[in-house]
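Residue 161 in the numbering used here is what sits at position 73 of the sequence shown, and the numbering runs on without skipping anything. Quick reminder that beta carbons are idealized off the backbone N, C-alpha and C, glycines included. Structure first, then comments.
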Amino acid sequence: MKYVIVLIILLNICVLSHAQFNTITPSSSIYKIREKKDLPMSISEIEQPDSTAINGEPLSENSSKWIQQYLSVSYPLDRMVVNSPYGMRRDPFTGKRKQHNGMDFHARGDEVYAMMQGNVVKVGQDKQSGIFVILQHGNYTVSYCHLSSVLVKTGSKVKAGEAVAITGNSGKSTGEHLHLGVKCDGKYINPDILLQYIKNTRKESQVNLLSGL
Ligand SMILES: [Zn+2]
């Protein structure tokens, strides 16, 4: 049931994203967080999405729901600092203006996490993207590129927050970073749309959990 709801929300975002496509400006400052440290301990210590108790204290049905919602999404890195946003930019190799079909994040041998539950649709390597992994979440596909290694296999299922790769400097890259590419129904979209969704989903669940809703 939860998965269905998530998919419905995603579908709505997918439709909205086409309208919002040109209006969202990624801001590096909003991701400059170490989100795990920002959390109240009571939430960050919970390992399982279906937890029904904290420190032996049973949770209400609603609390459980908000915790599950919180854990249904994950940022791809513990520390999110944007090196290069989605959109037109000067190509670092040719100097010419070119579309950048993703977002680049600062990374140094970091674990990369699945942003939602889904399937591993491809693990591969080429001259451009280096070592990469592609995950499917409903009608979204998410690719992580320039990796040093991939921790999952094609065809396996992943949970939100599961480590799927380690960042690196493989392929056509000017230095270690994580390239995050997102497609909706096969078309590239600004990954910031998905990151904003994660941010909002987490914020809503935190606020509601802490206010006892
Ligand atoms: Zn990139």
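Should the stretch 182 to 195 be called in touch with the stretch 268 to 278, which here means at least 3 C-beta pairs below 8 Å?
yes
Which residue wins for smallest C-alpha separation from Gln156, given the options Ser293, Leu298, Ser299?
The candidate whose alpha carbon is nearest that of Gln156 is Ser293.
Contact set, ligand 1 heavy atom to C-beta under 5 Å:
Gly190, Asp192, His267
Anticipated Cβ contact below 8 Å, Gly218 with Ser258, distance rounded:
Right, the Cβ-Cβ distance comes to about 3 Å (below 8 Å), so this counts as a contact.
Contiguous beta strand (DSSP E) assignments of at least 3 residues, all confined to the stretch 252 to 279
265 to 272, 275 to 277
Hey, how far is the Cα of Met205 from the Cα of Gly183?
Strictly speaking, residue 205 in this sequence is Gln, with Met absent from that position. Their Cα atoms are separated by approximately 38 Å.
Where does Tyr285 sit, in a helix, a strand or coil, going by DSSP?
It is helical.
Using a Cβ-Cβ cut-off of 7 Å (strictly less than) and excluding sequence neighbours within five positions of Gly212, which residues of its own chain qualify?
Phe220
Exposed or buried, what is Leu298 when buried is set at 16 or more other beta-carbons lying within 10 Å of its beta-carbon?
Burial state of Leu298 is exposed, judged by a 10 Å Cβ sphere holding fewer than 16 other Cβ atoms.
Start and end of the alpha helix (DSSP H) containing Asn150?
149 to 159
Beta-carbon proximity list for Ser244, same chain, < 7 Å, skipping 5 on both sides
Val208
With 16 as the cutoff for other CB atoms within 10 Å, does Ser231 come out buried or exposed?
With 16 or more other Cβ atoms within 10 Å, it is buried.
Can Val200 and Ala248 be called in contact, C-beta distance under 7 Å?
no
Assigned exposure category for Asp214 - 16 Cβ within 10 Å defines buried:
exposed
Since Tyr163 and Asn278 are thought to touch, with beta carbons under 8 Å apart, how far apart are those beta carbons, to the nearest angstrom?
About 16 Å; that fails the 8 Å criterion.
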